[in-house]
Amino acid sequence: MSPRAGNAGPHTLAFVESPVQLLNVLEWAHAHAPGVGLTLVVLSPVDPMTRGQLRRMSDLARDEGHQVRWEEARGGPLAPFQTIGGLSGLLRRARRVVLGDPFSRYVQLLLTITRARDLVVVDDGTATMEFVGQLARGERLVRWHRKGGRPGPRDVIFAPVSASARRRLTPGERRHIEIFSSMPMEETPPGVTVRANTFAWTRTRFGPPRITKGADLVGTSLVETGVVDDGRYLEAVHALATAHGATRYFAHRRESTDKLHRLAVATGLEIVRPELPLELIARRGPIGRTVLSFPSTVVHTLPLALSGTEVRVAVCDIDPAWLTENASPRAQGFLSGVTGTARDVHRLSPTPPTASPNAVNPTTPSGPSGQAPFTATPPSAGLVGPAAS
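Each residue of the sequence shown is one higher than the one before, starting from 1 at the first, in my numbering.
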């Protein structure tokens, strides 16, 4: 176990809404603020899988000596007002604020209150690439999968707050902005300090992993965000698993249970819902010698987390034919950029879904018993405390 960070204090305040953000706050603290305790505020979502992972990551943060404050930020119509009101004192006293999602409306509201001169943005996955580009180009903050669409009524109402947050995230004489990221940065905003996230804390805290002979496949939430067609995705997963002999499918925390059941029946893959971010699961092991993924954060982070091991990470491009008619015009270019800029990965072309005519027929059973496995128990069960929602 790594040394404790010391007594938590009010000077550094971190806001996270996802397990990956919390992991990257711990990485930042390990790399650039050793011995400095954080007050880490979890703005809890309602999704049970995300909440469970956040509970476990919170336990790890406490093990490092940080103070964790759990906020039911979405627990009813009055919750946002109660949360922001309760945090206003901490925000005004904080000298440094660390945040994981500058696109979050919650975070943007909190930024209008803080007087902190030092702001640190840690990775929230591939969205960080888009944030840095938009900041450099002076554009309004819009998530990549929504870019190109017409602003909705809420976007219009919230526009002044979003514009204010963007100004606060722009460096000036009295404000220092830092980006802590494992993502490639094609455009760097003038005056912004960029520091590399090498996943040193993860490698120190976990592993090395036990490596199995087979292949594992990493899921994505591109269907849930409306970017990739559901049927096309299931076809692609089946073809990829068949071509490479994958046996396990690590589900993204946002993937729907219905889709995962259909995928399990159609492909015969064992569906695993990790209880921690995949970087920690993979580092602890067991993990396949080959890890297959579609364009996502893990094609950048897993090679770093698994540095020094024999695990190979391979990424399969998204065929333009898989995109939905409602996908943002920006989607294909962004996803290609995610793949093209990844280091230390093997690039795979989209596999034609012709290997099996029944690849995505949910009524066609797979496996010798006619039942495809589906498990919610991750291979790292028991790593930290029991599930909590």
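Note that the Cβ used here is the ideal one computed from N, Cα and C, for glycine as well. Quick caveat, the model's predicted, so the values are computed rather than measured.
Out of the options, which has the shortest C-alpha to C-alpha gap to residue i?
| i | options | result |
| --- | --- | --- |
| R51 | T339, E17, D63 | E17 |
| E173 | A116, G288, L260, F334 | A116 |
| T341 | E187, P160, G85, D229 | E187 |
| T170 | G138, S182, A159 | G138 |
| V265 | L110, L234, V192 | L234 |
| R62 | Q332, F81, L40, G89 | L40 |
| T198 | I211, S182, T290 | S182 |
| R210 | L87, E310, N24 | E310 |
| A331 | Q53, P295, R343, R248 | P295 |
| T242 | T267, T339, A14 | T267 |
| A33 | I271, L109, R96 | R96 |
| A327 | D230, F15, S88, R262 | D230 |
What are the partner residues of residue i, as DSSP defines its beta bridges?
| i | result |
| --- | --- |
| Y249 | L217, I271 |
| Q401 | Examination of residue 401 is not possible in this model, given that the chain is present from 1 through 389 alone. |
| D118 | R96, H176 |
| R312 | T290 |
| T126 | D124 |
| L390 | In this structure the chain extends from 1 to 389, so residue 390 is not present and cannot be described. |
| L263 | According to DSSP, L263 bridges with nothing at all. |
| L348 | C316 |
Can you tell me whether residue i is buried or exposed? The criterion is at least 16 other CB atoms within 10 Å of its CB, across all chains shown.
| i | result |
| --- | --- |
| G125 | buried |
| G148 | Caution is warranted here: a pLDDT of 46 is assigned to G148, below 50, making its placement in the model unreliable, and no coordinate value can be reported. |
| R273 | buried |
| T12 | buried |
| S293 | buried |
| L78 | exposed |
| P190 | exposed |
| V46 | exposed |
Please say whether residue j and residue i have beta carbons closer to each other than 8 Å?
| i | j | result |
| --- | --- | --- |
| V313 | L323 | no |
| W70 | S44 | yes |
| V120 | V98 | yes |
| R140 | S164 | no |
| A246 | A215 | yes |
| A94 | T114 | yes |
| E279 | T225 | no |
| M49 | L23 | no |
| G37 | Q67 | yes |
| P19 | P277 | yes |
| L306 | R283 | yes |
| T339 | V315 | yes |
| T204 | P286 | no |
| L240 | L269 | no |
| V122 | Q21 | yes |
| F15 | L110 | yes |
Shorter than 7 Å, the distance from the beta carbon of residue i to the closest heavy atom of the ligand ADP, or not?
| i | result |
| --- | --- |
| T290 | For the structure depicted, the ligand ADP is absent and the ligand set is empty, with no information on it obtainable. |
- Query: Which runs of the beta strand (DSSP E) spanning at least 3 residues fall entirely within the stretch 176-246, listed in chain order?
  - Reply: 176-181, 193-196, 211-218
- Message: Suppose only complete runs of 3+ residues qualify. What are the beta strand (DSSP E) ranges in the stretch 9-81, listed by chain order?
- Response: Runs of beta strand (DSSP E) with 3 or more residues, each lying fully within the stretch 9-81, are found at 37-43, 67-71, listed in chain order.
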